[in-house]
Structures are given as structure tokens and as C-alpha cells.
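Per the numbering used here, the sequence shown starts with residue 859, numbered consecutively. Even for Gly, the Cβ is constructed at its ideal location relative to N, Cα and C. Predicted, not measured: the structure shown is a model, and the values here were computed from it. Presented below is the structure to which this report refers.
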Amino acid sequence: MNLATPPVEVDSKGDLVIICSGIPLLVTKSALSLSPRLYELCAIGNDSSLRRGEAQSPQPTQHVPTPIYVAEEPYIFLLFLNVLHHNTNARPRSLDAVAWTSLSALVDKYICRVALLDEGRREWLQPSLQHGLKAEDVWRLLRFAYNLGLQEGMSGVSRTIVQMRSEPFTTWDFAKNNLGDMPRAILDHLDRCQGVLFSRTIQALSSVTTTMAVSRCASAQAYIGKYIQELAAKGILPETRAFREKTYLQVVGEARRIPEEIYINSKCGRNGPECECVKHIGFAQKQHLLRQLARCLDTNNVVLCLRCLGDTECEAHR
Ligand SMILES: [Zn+2]
Ligand SMILES: [Zn+2]
859 MNLATPPVEV DSKGDLVIIC SGIPLLVTKS ALSLSPRLYE LCAIGNDSSL
909 RRGEAQSPQP TQHVPTPIYV AEEPYIFLLF LNVLHHNTNA RPRSLDAVAW
959 TSLSALVDKY ICRVALLDEG RREWLQPSLQ HGLKAEDVWR LLRFAYNLGL
1009 QEGMSGVSRT IVQMRSEPFT TWDFAKNNLG DMPRAILDHL DRCQGVLFSR
1059 TIQALSSVTT TMAVSRCASA QAYIGKYIQE LAAKGILPET RAFREKTYLQ
1109 VVGEARRIPE EIYINSKCGR NGPECECVKH IGFAQKQHLL RQLARCLDTN
1159 NVVLCLRCLG DTECEAHR
């Protein structure tokens, strides 16, 4: 993207020049119509951050675009204009955190949610979530999804961010200070999601012991004991402080480091075939645990959507 490229004619009857922080950008009126606010301001030119130039009044016999002045960050404003002009080649495949925040602000200021809707979801939100982001950046993505009104985006981003924190959202200063237009109640909603995920994580970690505990023979007890030792060694034994301080993602990461242990009943001592533990010969504790942990996210109670933040109760995420 070359900000210094001199304007060329796009539409002989509908061109406008926008001077953004001293940089001339040629735009078409038809593209600006995707942003009602920008179109209106270009038409009347009486906003303090966007005003018509006075020295370059058009001659009656010649089409000379009248410059419009905006005070925006050039890179973001050009990105915004490229979206409005469907100029796909000039747009980045992903955005950084600062760009999300700035673009979110432009979405509000220029009322261009519709213009950015598809692009925001398809080109930026989904690819960005696949990268290893900091929680602060995911929070910025949440604001971006909220500002664009991306229903699926809100669900995807909220599901991601509840996995990334062990502390409540209501005590997270960064979130409290960067709510943007999102209602404060979002913090309570995310705490509720986090609480559900925490409970389900404990159930997942305990499911190996509850599965094997029906067998009280020496083999089963030794197997359970070794599993508990592994959890403790990795800091993911429920009821411990080390576990409470971990995020869901950290718990999954530690669970992946547990060595696999396949159950065999060599020390059963309860007449072999008559013991309950026979049913579990070949049980793979790590595989079982990782499957149970993955299922923790398979519930609507660990995500929120735009309706959750509305005035009426959301049926899907109560
Ligand atoms: Zn047994
Ligand atoms: Zn909802």
C-alpha cells in the first residue's frame, strides 16, 4: 500500500479527493455511499474533523474534485477506503491489534458496519483467531466483532478468550478500561462462561479416576495413584492452588505432557476375570483425558453472543 501514490481519475463524474493527514486519496462518491456518515460529511463538509477545502473550488466548466480533509491515521483510513472500494489487492490478509482497535473506531464513526461485515469476518477475524494471540489482542478482536455486529465472531472470540484467563474478567483492568462500546455486563457474562469452563475442566480431570475407581483392586488403585501423581507433578490436580492459577489452555498444555499409561491388570489379585477392572484393560488415560478436556468447550455455556448483551435474555446461552 503506497500512501504517497498520486491520485488518478477513478470516476470522471464522481471523484472526490480526501486529504488524510496531508496525504491525498482519490475516492469515488459511489463507494463512499457504503458509509452513510462519510457520504453525508462529504456532501455537507461541516464536521470539525472533515471539512471541504476552500481554495480549490471547482471551476464551472471543468471537473476538479474538491478536497475533503480528515484527521485520521492514514494507514487505517486507507485500509477503510480500500474496503469501501472493493480493492481487495491493496488490503492486508491479517490485521494487527492496533489496526483492529482503530478500525473498530472508524466503524462506529463512519457507520460502515455493513461494508466491513463480510470482510471483517472472513478475512480478519477467523484467520486472526488461529494465531497465538495475547489475551489483550483477543479482547481487541472481541470489540471488533462487537462493533461489526458479527454474531458468529462474538461466539468464536468469547470462546477463545475464556480459555486464556484464570482470573475473573470483572477484575481485569485492561478489559475494564477497554470496553469501547461494549456494555459492562460483558465482564459478568464472561465470568459466568469461565466458571462453567472451570467446572467442566475439573470434571474432565477427574473422569479418569471416577472411571477406574469402581475397581478397588491393587492394579486399579495403583493406576489411579500414578495418574494423580502425574496431575500433581504437572500442576493440574484439582483443588490445588497450582491448578486454580492455570488457564484452560495451560491445563490442556500440561495434560498433553502426561505420559500415556495403558491399563493392564497384572496386579489385580481379585481373581482376574471376576474383577470389574477387566472391563478397562487397554484403557488409555491420556487419550481419555484429552478427549474429555476437548469436550469442555462443546457447550453453549462457555460462549456468548450479541443477544447475550441485549435487553432480553438470550435463549442459546443462559
Ligand atoms: Zn482388578
Ligand atoms: Zn447468547
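| Item | Value |
| --- | --- |
| Straight-line Cα distance separating residue 1109 from residue 1090 | 12 Å |
| The stretch 1046 to 1058 contacting the stretch 1084 to 1099, beta-carbon criterion three pairs below 8 Å | no |
| Residue 1162 in three-state terms, based on DSSP | coil |
| Among 1085, 988, 1008, the one whose alpha carbon lies nearest that of residue 1066 | 1085 |
| Option in 1083, 1039, 1015, 950 with minimal Cα separation from residue 1168 | 1039 |
| Buried/exposed call for residue 1035, threshold 16 Cβ in 10 Å | exposed |
| Buried versus exposed, by CB contacts within 10 Å (16 or more), residue 947 | exposed |
| Alpha-carbon spacing of residue 950 relative to residue 926, whole angstroms | 25 Å |
| Residue 1162 and residue 1175 closer than 9 Å at C-beta | yes |
| Neighbouring residues (CB closer than 7 Å to any heavy atom of ligand 2) | 1162, 1163, 1165, 1166, 1172, 1174, 1175 |
| The beta strand (DSSP E) enclosing residue 1049, as first and last residue numbers | Run containing residue 1049: none in the beta strand (DSSP E); it sits in the alpha helix (DSSP H), 1043 to 1070. |
| Given residue 1060 as reference, the closest of 1135, 1150, 1121 once Cα atoms are compared | 1150 |
| Minimum length 4: unbroken alpha helix (DSSP H) runs contained in the stretch 1093 to 1157 | 1099 to 1102, 1106 to 1114, 1143 to 1153 |
| Distance cut-off 8 Å: residue 1073 Cβ against heavy atoms of ligand 1 | yes |
| For residue 1039, the first and last residue of its enclosing beta strand (DSSP E) | Neither: residue 1039 is in no beta strand (DSSP E) and is coded neither H nor E. |
| Short Cβ contact (9 Å threshold) for residue 1177 with residue 1106 | Look at the range of the chain in this structure, 859 to 1176, and you will see that residue 1177 is not part of it. |
| Complete alpha helix (DSSP H) runs within the stretch 929 to 973 (minimum length 4 residues, chain order) | 932 to 942, 955 to 968 |
| Same chain only: Cβ atoms within 7 Å of residue 907, ignoring 5 sequence neighbours per side | A caution first: residue 907 carries a pLDDT of 46, below 50, which makes its placement in the model unreliable, though a value can still be read off. Counting only Cβ-Cβ distances below 7 Å, and skipping sequence neighbours, we find 928, 929. |
| Continuous alpha helix (DSSP H) stretch holding residue 995: start and end | 993 to 1006 |
| Three-state secondary structure (DSSP) of residue 892 | coil |
| Bridge-paired residues (DSSP) for residue 897 | None, per the DSSP bridge assignment. |
| Beta-ladder partner(s) of residue 884, from DSSP | 875 |
| Classification of residue 1118 by the beta-carbon crowding that lies within 10 angstroms, buried from 16 upward | exposed |
| Alpha-carbon spacing of residue 915 relative to residue 1173, whole angstroms | A caution first: residue 915 carries a pLDDT of 44, below 50, which makes its placement in the model too unreliable to give a value. |
| Cα-Cα separation between residue 1166 and residue 1160, rounded to whole angstroms | 12 Å |
| Near ligand 1: residue 1136 beta-carbon under 8 Å from a heavy atom | yes |
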